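Okay, so here's the structure we're looking at.
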Amino acid sequence: MTRAIHIACAAAAMAALTSAAWAQNDPYAGLARYDGQNRTALAAIEKSVKAAQGKPAQAAAIEAKLAALLKDPSAEFAGKQEACRILWMVGTARSVPALASLLPDEKLGDAARYALERCPAPEAGAALRTGLAKLKGPALIGVINSVGNRQDPLAVGALTGLAKGADAGVAQASVAALARIATPQAAVALNALPAKGLPGWHGMVAAARTALAGKQPKVGLALASRVLASKSAPEPVRGEALRLLAGSGAPEGLAAALAALKGPSPYLQIIAAELAATVRRPDAVKRYAAAVATATPETAAALLTALGTRGDGAAANVALAQLKSSDQAVRTAAIRAAVLLDPERAATPVAELAARGSGDDKRMATEWLRQAKGAAAADAIDKLAGSGAAEVKGALAGIIAERDGPRAVPMLMANAKGPDAGAAVAALRALAPIASAGQLPGLVGIVTAAQDDDVRQSAHDALAAAAGRTPDHEAALAPILSAVGGASSQAKGALLSVMADIGGSAALAELTKGAASSDAEVRRAAVVALADRWSGSDALPTLLGLAKSEEGRSLRVRALRGCIRLIGEKKVDAAERVADLAQAYAMAERPDEKKMALGVLAGCRTAAAMDVAAEALDNEELFAEAADTVIKLASGNGAVSGPATRAALEKIVAKAQDGGIRDRARKLIQP
Amino acid sequence: MDNEQGLSRRDLVAGALRTGAGAALFSIVPASALGLGGRPAPSNRIVMGCIGMGGQGNSNMGGFLGQGDTQVVAVCDVDRNHLNGARDTVNRHYNNQGCSAYADFRELLARKDLDAISLATPDHWHAIPAIAALNAGYDVYGEKPISHCLLEGRDMADAQKRNGRIWQTGSWQRSQGHFRTACELVRNGRIGKVVRIEVGLPTGGGCGPTQFKDAPPELDYNFWVGPSRWAPYCDQRTHWNWRWQLDYGGGQMMDWIGHHGDIAHWGMGWDNTGPVEIEGAGQYPDQGIWDAATTYYFVCKYKGGVEMHLANGGNKGIRGGTRWIGENGNWVWVDRGGLEAQPKSLLQERIGPDETNLFRSPGHHREFLDCVKSRQQTITPAETAHRSASIGHLGQIAMLLGRKLKFDPVAERFQNDATANRMLRTPMRSPWRL
Chain Z
176 MTRAIHIACA AAAMAALTSA AWAQNDPYAG LARYDGQNRT ALAAIEKSVK
226 AAQGKPAQAA AIEAKLAALL KDPSAEFAGK QEACRILWMV GTARSVPALA
276 SLLPDEKLGD AARYALERCP APEAGAALRT GLAKLKGPAL IGVINSVGNR
326 QDPLAVGALT GLAKGADAGV AQASVAALAR IATPQAAVAL NALPAKGLPG
376 WHGMVAAART ALAGKQPKVG LALASRVLAS KSAPEPVRGE ALRLLAGSGA
426 PEGLAAALAA LKGPSPYLQI IAAELAATVR RPDAVKRYAA AVATATPETA
476 AALLTALGTR GDGAAANVAL AQLKSSDQAV RTAAIRAAVL LDPERAATPV
526 AELAARGSGD DKRMATEWLR QAKGAAAADA IDKLAGSGAA EVKGALAGII
576 AERDGPRAVP MLMANAKGPD AGAAVAALRA LAPIASAGQL PGLVGIVTAA
626 QDDDVRQSAH DALAAAAGRT PDHEAALAPI LSAVGGASSQ AKGALLSVMA
676 DIGGSAALAE LTKGAASSDA EVRRAAVVAL ADRWSGSDAL PTLLGLAKSE
726 EGRSLRVRAL RGCIRLIGEK KVDAAERVAD LAQAYAMAER PDEKKMALGV
776 LAGCRTAAAM DVAAEALDNE ELFAEAADTV IKLASGNGAV SGPATRAALE
826 KIVAKAQDGG IRDRARKLIQ P
Chain C
-9 MDNEQGLSRR DLVAGALRTG AGAALFSIVP ASALGLGGRP APSNRIVMGC
41 IGMGGQGNSN MGGFLGQGDT QVVAVCDVDR NHLNGARDTV NRHYNNQGCS
91 AYADFRELLA RKDLDAISLA TPDHWHAIPA IAALNAGYDV YGEKPISHCL
141 LEGRDMADAQ KRNGRIWQTG SWQRSQGHFR TACELVRNGR IGKVVRIEVG
191 LPTGGGCGPT QFKDAPPELD YNFWVGPSRW APYCDQRTHW NWRWQLDYGG
241 GQMMDWIGHH GDIAHWGMGW DNTGPVEIEG AGQYPDQGIW DAATTYYFVC
291 KYKGGVEMHL ANGGNKGIRG GTRWIGENGN WVWVDRGGLE AQPKSLLQER
341 IGPDETNLFR SPGHHREFLD CVKSRQQTIT PAETAHRSAS IGHLGQIAML
391 LGRKLKFDPV AERFQNDATA NRMLRTPMRS PWRL
């Protein structure tokens, strides 16, 4: 270390010691030396400020010392800046002269201004207003901003003059300050300025709000009207002005809203329409309702929605008339308004829209009919449903089922047996959630008689749902068993599928027979039903046999997948499941089924399962699934461990491309 | 707020429908029936500009670049290196030279071809560009905490409502499934009446003495300091480290309050309110320019008496993350590492369709873009973010003043404490203003 460095270090140490000593004995002297590094003195002063809370004499003494520091020419910039910061929190009129003297200071002017801005004393406001007349450039702009933040009404005159000046920065700041002050006088000044800018418009609206909330409603209405009328004001600001006007309850408010409905701005049209829900004038509903017919479709829809929300029946006729509008949005809004305002008269036309409409209007009409109380809606639905039109029956089927539940079953069953396929499908879909044991024979009859694929499929779905709700499986199976022998190939397939859902030895026998049928359609239906729908391991022998001997490859694969699924569900110990899975794994002709078997193996925590999975690691096509299975077998409670497991995990770490898999395996190896 | 105070057009209708005669009759009113059918919707491609291209800004930009319906056309930063890097990233992504680079956010906002802004500047630079963007008609994805002081947050929330814009805050934990599950368990009473909430946040650090020097040439340091009070440059002041200084950020506490504090609010349904009483203490470094509390503990009491205890993780036994504790001692805890509960069986609970089901996000950036198109509010609009940030702002003031404070969350003013009220807004250096 050189002598020079020794000297520098010693000087720095002395300075630190001296600073610390100052901080200990006289923190204000320490603050005067503050260079932005050691905050000991600052912390001591902040502590005394906290302690002086509620103790005026102590607070005054602190403030005096801080003010004195501001006038000390030898005090550091950082120390003075911190003094200003503390005064920003606790300063009073006492420190205003010291702070005001710093306003022109290029380095400290901002810090001093902050303290004056926050000080509630009138003297602080006066000092800032004085600055408006004396300062220039950034210092002036800062003071203008502070005067605005203080919302000083006494500064309006000076700001108005500055806003007209040539300095663009000063002028813009003055407009913003006037907007923040937002007294009626400030608003009048803003209104007289040629270029108000966005802050100016906001300020005028704010001033209008202040005036309307206070005792100057005429001033407020005039200001809001001026903003609304100004083409140069942004639309959101004009919208705010319109809301203020309408919300005032004055006649001018309703007139302005009705005028806006017809005006050129779509934005203001919608706002004006929405105000129909709330505007307070005796004739508001009548006049708003009269405007619907001539409004644009978007505005008419918004108007109807608002009038419906308002709930005044005086608008009912208009809403009912608009149910026939050619515009879907208008019809949709009219449905809502009509059923809210006059549900009795709305019921029939709304039911018509539910039956014959499409899109939003149909959805809204349907939603109402599903839950509407009272005789009018029920009568309208019954009348339409009884009219005989197939598309109407179809459209209303779901509504009827939801409204009436089991009581709707006879009518829906009749529709399901009717000649129109569309109506039958709709009725069967409506029946699915409500049909029960009593409908099983009828539904079996529809399955066997159906000529249309959609009808047969819908009848199958309803039959399966009804059978599922029938606790007595034999009773559920009986009508199916009695019909299956004489059924067509297609119908037999549908019935076999439902039998697989119901289960039981009789069903399994029928499905096994079907799987051996010479009729390809029946055979396929039986294999698919066993593989995909059967629950319970009693079908495993049949499926294993099919997986080995079925001639068609796709059915062989389907049967094998069914085997693997059922092995996974089998309620036996893991060793037995692994043995079955190993057999299925060996039979698999494609990687997909091997992967499926590996997935089931992951739940069988035995060494034999690990052996199968470990061997599969050598097959690139199976590596990811095999690795996942190995990791799962080697994880958590009951994990498979030992040399074979470790070797498999090490192989995964060495071979895995996927970082996530590699990390999982590595974590299991690590101690 | 009533509609005279500046709710958007959609807010007004939605409010009327929620409370009006139709509320019980119709679950959904189609947009067409609200008069929205003829509205000009944003084009299928959302054109974006990104302001603030540090770590988080680049991360957010990456999130947007990955969306097929977004086109980033402009980036902005006061550090030329950050700016050029971000521009090059965008140009590489699109394989063209179409991205414009701006050193001044005002020039970017003056473009006429943007739909939305991504904003990820330091905290002291949130409010000014955000409000300028909202006033210019842009939708904004903005970082948390939304504001640098409480009343800036109020101004931002009001600006969003006044202008009818979409705002998403970077409080992305709300878009994660396990955070949502935790909140749904709490909201639906699975731990009974909540009596205490614990929020654990990271611990801060100091930097020791620093050497002031000239700013590097690539950085417009005066612009970087912006509305904050002047301070000489040093390496520890700016990129990333700004968050440990009260002039620009609020320490680890404010850095995370928009995550775990936000989740605490979400679980309680407190998106539109805040504490009524705050008390706490922090330890502040006595050397160097990093002056935010390193260790801290404060308690926020809410109307009804529920207390939220916030501390750096481990302090006062509070674990990192968010924990709600019920009257019978049952609890739910969540953080980025997982979800736990006492009893464990709570984690098997399913929330029924008639219970409170919170929004299932398609992803935080994705949801913002979806809302830009649909004009529905996001999961973290500015008001929500403001209330989450207010926990931290109020705690900060209580710790700095060292006394119990009473707060009115409606008027957003302290009661009977003029000093505390002066601290609700940070002054701005000339010429900057809101």
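Chains Z and C supply the protein sequences, listed in that same order. So the numbering used here is basically just the index in the first sequence, starting at one, shifted up by 175. Here the numbering used here is used: position 44 in the second sequence is 34, and no number is missing along the way. We treat Cβ as the ideally placed atom computed from N, Cα and C, and that holds for glycine. These numbers were taken from a predicted model, which means no experiment stands behind them.
Chain C contact residues for residue i, given Cβ-Cβ distances below 7 angstroms
i: Z:Pro411; result: Arg152, Asn153 and Gly154
i: Z:Ile316; result: Ser420 and Pro421
Selected residue, minimal CA-CA separation from residue i, among the options
i: C:Ile381; options: C:Ala254, C:Thr159, C:Val62 and C:Asp276; result: C:Ala254
i: Z:Glu281; options: C:Val63, C:Trp220, C:Asn50 and C:Arg186; result: C:Trp220
i: Z:Thr717; options: Z:Leu686, Z:Asp694 and Z:Ala431; result: Z:Leu686
i: Z:Ala362; options: Z:Ile739, Z:Ser400 and Z:Glu577; result: Z:Ser400
i: Z:Lys206; options: Z:Lys230, Z:Gln228, Z:Cys259 and Z:Ala227; result: In the sequence under discussion, the amino acid at residue 206 of chain Z is Leu, which differs from the Lys named in the question. Taking only the C-alpha atoms, the option nearest Z:Leu206 is Z:Cys259.
i: Z:Pro646; options: Z:Gly679, Z:Gly660, Z:Gln233 and Z:Leu670; result: Z:Gly679
i: Z:Lys499; options: Z:Ile510, Z:Arg765 and Z:Ala489; result: Z:Ile510
Residue i classed as buried or exposed, judged by whether at least 16 other C-beta atoms fall within 10 angstroms
i: Z:Pro457; result: exposed
i: C:Asp145; result: buried
i: C:Pro135; result: buried
i: C:Val400; result: exposed
i: Z:Ile836; result: buried
i: Z:Ala550; result: exposed
i: C:Ala100; result: exposed
i: Z:Ala226; result: exposed
i: Z:Asp803; result: buried
i: Z:Pro654; result: buried
i: C:Phe349; result: exposed
Neighbour list for residue i in chain C, Cβ cutoff strictly below 9 angstroms
i: Z:Pro313; result: Arg419, Ser420 and Pro421
i: Z:Thr335; result: Near Z:Thr335 there are no residues of chain C at all, since even the closest Cβ is about 18 angstroms away, more than 9 angstroms.
i: Z:Ile220; result: Those do not exist, as Z:Ile220 stays about 13 angstroms from chain C at its closest Cβ, beyond 9 angstroms.
i: Z:Lys282; result: Trp220
Chain Z residues whose Cβ lies nearer than 7 angstroms to that of residue i
i: C:Arg412; result: Trp263, Met264 and Arg293
i: C:Gly392; result: Lys225
i: C:Pro199; result: Gln212
i: C:Asn437; result: Nothing in the structure corresponds to residue 437 of chain C, since chain C is present only between -9 and 424.
Residues that residue i bridges to, as DSSP identifies them
i: C:Asp325; result: C:Gly328
i: C:Cys66; result: C:Ile41 and C:Tyr92
i: C:Ser108; result: C:Cys40 and C:Tyr131
i: C:Phe397; result: C:Phe404
i: C:Arg464; result: Missing from the structure shown is residue 464 of chain C; chain C here goes from -9 to 424 and no further.
i: C:Gly272; result: C:Tyr286
i: C:Leu191; result: C:Asn302
i: C:Trp157; result: C:Val130
Amino acids of chain Z, ordered along the chain, whose beta-carbon sits closer than 9 angstroms to that of residue i
i: C:Gln277; result: Gln212, Asn213, Arg214 and Thr215
i: C:Thr409; result: Val224, Gln228, Met264 and Val265
Partners in chain Z for residue i, counting only beta-carbon separations shorter than 8 angstroms
i: C:Arg219; result: Gln256, Arg260, Asp285, Ala286 and Tyr289
Closer than 8 angstroms at the beta carbon, the chain C residues around residue i
i: Z:Gly344; result: Pro421
i: Z:Ala351; result: Arg423
i: Z:Ala434; result: Going along chain C, no residue has its Cβ under 8 angstroms from Z:Ala434, so there is no contact; the nearest lies around 17 angstroms.
Task: Start-end ranges of the alpha helix (DSSP H) lying completely within the segment 527 to 581 of chain Z, minimum 4 residues - done: 535 to 546, 550 to 560 and 565 to 579
Open item on the list: I'd like the ranges of any alpha helix (DSSP H) spanning at least 4 consecutive residues and lying wholly in the segment 239 to 270 of chain C.
Closed with: 241 to 246 and 252 to 258
Task: Sequence ranges, alpha helix (DSSP H) only - wholly within the segment 672 to 721 of chain Z, length at least 4 - done: 680 to 690 and 695 to 703
- [ ] Return the chain-ordered ranges of every beta strand (DSSP E) run that is complete within the segment 279 to 326 of chain C and spans a minimum of 3 residues.
- [x] 285 to 291, 297 to 302, 311 to 316 and 321 to 325
- [ ] Any chance you could list the alpha helix (DSSP H) runs of at least 4 consecutive residues sitting entirely within the segment 347 to 379 of chain Z, in chain order?
- [x] 359 to 367
- [ ] Go through the segment 753 to 800 of chain Z residue by residue and report every complete run of the alpha helix (DSSP H) that reaches 4 residues or more, in order.
- [x] 766 to 776 and 782 to 791
TODO: Report the residue ranges of all alpha helix (DSSP H) runs contained in full by the segment 599 to 656 of chain Z; include only those spanning at least 4 residues, in chain order.
DONE: 615 to 624 and 628 to 643
Task: Runs of alpha helix (DSSP H) lying entirely within the segment 268 to 321 of chain Z, each at least 4 residues, in chain order - done: 271 to 277, 284 to 293 and 297 to 309
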